[in-house]
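Engineer:
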Amino acid sequence: MSSPNDASIQDAARIARAISHPVRLQILNELREDGAYVMHLTTVLGRPQANISQHLMVLREAGLVRAIRDGMTVLYEVTDPQVLTVVDQLIALARQRAGRRELASGEADGEQGGGRRRRRRGKCRCPRCSQKARPGRHGRG
Ligand SMILES: [Zn+2]
26 MSSPNDASIQ DAARIARAIS HPVRLQILNE LREDGAYVMH LTTVLGRPQA
76 NISQHLMVLR EAGLVRAIRD GMTVLYEVTD PQVLTVVDQL IALARQRAGR
126 RELASGEADG EQGGGRRRRR RGKCRCPRCS QKARPGRHGR G
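According to our numbering, the sequence shown is numbered sequentially starting from 26.
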């Protein structure tokens with residue numbers, strides 16, 4: 026039986042605390058596709074780098090993400106895909122509840138433009154996005 030002093034219970038609480046911030050949920054969501062550069066996160070989330078770095082540090086200390094040096098910049102990625110499963114579950118739960126609320130208030134209308142992505146990748150100048158932006162060649166480096 027697991028007691029509240031069980032090390033894994035303590036760690037689970039630590040992970041939950043690290044995840045429990047809207048910006049950090051967004052960050053984890055962005056790291057889904059092979060991670061992301063800090064510059065990318067600041068552009069997509071529209072927040073100053075100092076703020077993003079702070080949140081990344083919390084996630085790092087909880088062991089949820091790791092930093093990989095890439096030349097002049099740093100790429101972040103999740104340490105375990107299971108982290109994203111947890112994030113997905115939380116978001117799914119929230120959406121389900123939002124749907125229920127709307128049903129209750131009689132505003133259910135089938136489609137709720139929730140699936141729209143507001144990514145401003147065009148403006149991002151992180152190594153990955155600027156590579157994608159270049160037309161034509163499929164160079165291998
Ligand atoms: Zn980018």
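Idealized CB from N, CA, C, for every residue including glycine.
Source: prediction; values computed, not measured.
#1: What's the gap between the Cα of PRO73 and the Cα of LYS157?
#2: Under the assumption that TYR101 contacts ALA87 (Cβ atoms under 8 Å), give the Cβ distance between them as a whole number of angstroms.
#3: Assign GLY96 to buried or exposed, taking buried as 16 or more other Cβ atoms, counted over all protein chains shown, within 10 Å of its Cβ.
#4: Whole angstroms are fine: how far does the CA of THR68 sit from the CA of VAL90?
#5: Could you tell me if the beta carbon of THR104 falls within a distance shorter than 7 Å of some heavy atom in ligand 1?
#6: In its own chain, which residues sit with a C-beta less than 8 Å from the C-beta of HIS80, not counting the 5 before and 5 after it?
Structural biologist: Looking at the coordinates:
#1: Taking the sequence shown and counting its residues from 1, one reaches residue 73 at position 48. Taking the sequence shown and counting its residues from 1, one reaches residue 157 at position 132. Distance between the alpha carbons of PRO73 and LYS157 is about 23 Å.
#2: Position 76 of the sequence shown, counting from 1, holds the residue named residue 101. Position 62 of the sequence shown, counting from 1, holds the residue named residue 87. Rounded, the Cβ-Cβ distance is 13 Å, inconsistent with contact.
#3: Counted from its first residue, the sequence shown places residue 96 at position 71. With fewer than 16 Cβ atoms within 10 Å of its Cβ, GLY96 is classed as exposed.
#4: Counted from its first residue, the sequence shown places residue 90 at position 65. Counted from its first residue, the sequence shown places residue 68 at position 43. Their backbone Cα atoms lie some 19 Å apart in a straight line.
#5: Translated into the one-based positions of the sequence shown, residue 104 becomes position 79. No, ligand 1 has no heavy atom inside 7 Å of this Cβ.
#6: One-based indexing of the sequence shown puts residue 80 at position 55. Cβ neighbours of HIS80 beyond the five flanking positions: HIS46, VAL48, ARG49, ILE52.
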